[in-house]
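Novice: In my numbering, the protein residues as written are 26 to 123.
The beta-carbon is built from N, C-alpha and C at its ideal position, and this holds for glycine as well.
Have a look at the structure that comes next, please.
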Amino acid sequence: MLALAIYAIARRSFTAMILASIAVFLAGFASKYSLIVYHQLITLSPSSFPMRSNYTPGSDEILMLVGAVIVYIALLLVGTLILPLEYGEKPRRLWIFR
26 MLALAIYAIA
36 RRSFTAMILA
46 SIAVFLAGFA
56 SKYSLIVYHQ
66 LITLSPSSFP
76 MRSNYTPGSD
86 EILMLVGAVI
96 VYIALLLVGT
106 LILPLEYGEK
116 PRRLWIFR
């Protein structure tokens, strides 16, 4: 998705930007589904009833956490590079500021 967004910015392709937006929307839906709905579908077994919690996060949850941290850092860096930081400073010339 990030590569598609970079391609869209570099080539000024509106279609690629729409595809990147749709991919981000679908990935967000999948992560919310995985975190909220999927874990409610797991049935409790009678052996786990005495309030024993043996929960360990799966690899998909760990990857989502790592991905969220990477996206946060990337957005922070892009924001500091593109947006004006001081009073009177003009933003960098990109097609999104036209």
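Taking DSSP as the reference, what is the three-state secondary structure of Tyr-58?
Specialist: In this structure, Tyr-58 counts as helix in the three-state DSSP scheme.
Novice: Leaving out five residues on either side along the sequence, give the residues of the same chain with a beta carbon under 8 Å from the beta carbon of Ala-52.
Specialist: Met-26.
Novice: Closest to Ser-59 by C-alpha separation, out of Ala-41, Ile-43, Ile-31, Ser-84, would be which residue?
Specialist: For the residues Ala-41, Ile-43, Ile-31, Ser-84, the minimum Cα distance to Ser-59 belongs to Ser-84.
Novice: Assign Ala-28 to one of two classes, buried (16 or more other C-beta atoms within 10 Å of its C-beta) or exposed (fewer than that).
Specialist: Ala-28 is exposed by the Cβ-count criterion.
Novice: May I ask you to report which of helix, strand or coil DSSP gives Gly-104?
Specialist: It is helical.
Novice: Using the three-state DSSP reduction, which class does Met-26 fall into: helix, strand or coil?
Specialist: Residue state, collapsed to three classes: coil.
Novice: With Ala-45 and Ala-35 assumed to form a contact (beta carbons below 8 Å), what rounded beta-carbon distance in angstroms separates them?
Specialist: That pair is no contact at about 12 Å.
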